[in-house]
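Only one structure is covered here, and it is reproduced in the block below.
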Amino acid sequence: MFKLEQKEYREERFSGEELEGQELKGYLFYKCSFRGAQMKDLLTISCSFVGCSFSFAQMGGSIHRFSQFTGCDFSDANLFCAEFEECKCTGTTFSGADVTGLSIHGGNFSDSIFLECSLRSMDFSRVNLARTDLRQCDLKRCNFQQADLTQSLLQNADLTEADLRDAKIGGVDFKTVRLKKTKMDLAQAVLLAENLGAVIC
């Protein structure tokens, strides 16, 4: 059972817990389960969630500022209109979650999994997405300006009308990526041409 006065939890189960509208600041959760927890409109500030499961958790409208979600699982979670502001979400799985209206403002999402997610029109500017799995994602009209996409997986992703200018794209395989009216700078265009087999003379 969650208690506001207790700041650290390890391997606890909060399945079905009512945390709706709570404000959590400076809490640590290590390998805890929030499966099916009610977490709508939750506010976390500088909290750490390590190896936690949020499967089927209801997190619509939740806001997370400067919090860490490392090695966590959001499979089948409801993240409708949730916000992550300057958060560290490395090695975390979002595949299968409802990410409609999700907002990400800066932060580190490297090595995370968004496989087959619909992320249309999202603003990923300045976000670290290095080695992130974005395969088969709908990335139409996404803003990746100054984002780090180094070695990210984009096979069969749709980047129609997306903006990649000033993003780091080294090591990305674009051969099966849908590119239509996608904005790129000159250096990126050269990398893309080389990736597709062209020889720049």
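Here the working numbering is used: position 149 in the sequence shown is 353, and no number is missing along the way. Backbone N, C-alpha and C define an ideal beta-carbon position, used for all residues, glycine too. Values in this document were obtained by computation on a predicted structure and should not be read as measured data.
Does DSSP put residue i in a helix, in a strand, or in coil?
i: Gln226; result: coil
i: Asn399; result: helix
i: Gln272; result: strand
i: Val394; result: helix
i: Asp377; result: coil
i: Asp362; result: strand
i: Leu343; result: coil
i: Arg217; result: strand
i: Arg330; result: coil
i: Arg324; result: coil
Just to confirm, are residue i and residue j a CB contact at a threshold of 8 Å?
i: Phe273; j: Thr296; result: yes
i: Cys293; j: Ser322; result: no
i: Ala351; j: Phe328; result: yes
i: Ser271; j: Leu246; result: no
i: Ala397; j: Val381; result: no
i: Gly255; j: Tyr234; result: yes
i: His268; j: Phe238; result: no
i: Asp377; j: Gln359; result: yes
i: Leu383; j: Ser356; result: no
i: Ser257; j: Asp280; result: no
i: Ile373; j: Gln392; result: yes
i: Lys379; j: Leu400; result: yes
i: Glu290; j: Gly310; result: yes
Per DSSP, residue i forms a beta bridge with which residues?
i: Thr297; result: Asp277, Ile317
i: Gln242; result: Glu222, Gln262
i: Lys207; result: In DSSP, Lys207 forms no bridge with anything.
i: Leu232; result: Glu212, Ser252
i: Leu357; result: Asp337
i: Ser307; result: Glu287
i: Ser237; result: Arg217, Ser257
i: Lys387; result: Asp367
Thinking residue i and residue j are a contact (beta carbons under 8 Å), I'd like their distance in whole angstroms, please.
i: Asn282; j: Asn312; result: So it is not a contact: roughly 23 Å between Cβ atoms.
i: Glu320; j: Cys341; result: 7 Å
i: Arg330; j: Lys344; result: The pair is not a contact, with the Cβ atoms about 20 Å apart (cut-off 8 Å).
i: Ala241; j: Gly220; result: 6 Å
i: Asp367; j: Lys385; result: Not confirmed; about 10 Å, so no contact.
i: Glu318; j: Phe298; result: The sequence shown places Phe at residue 318, not Glu. Contact flag correct, Cβ pair sits at about 5 Å.
i: Leu223; j: Met243; result: 5 Å
i: Arg335; j: Ser307; result: Not confirmed; about 22 Å, so no contact.
i: Ser250; j: Lys229; result: 6 Å
With a cut-off of 8 Å, does the C-beta of residue i fall near any C-beta of chain C?
i: Phe233; result: Of the protein chains in the structure, only one exists, and it is not chain C.
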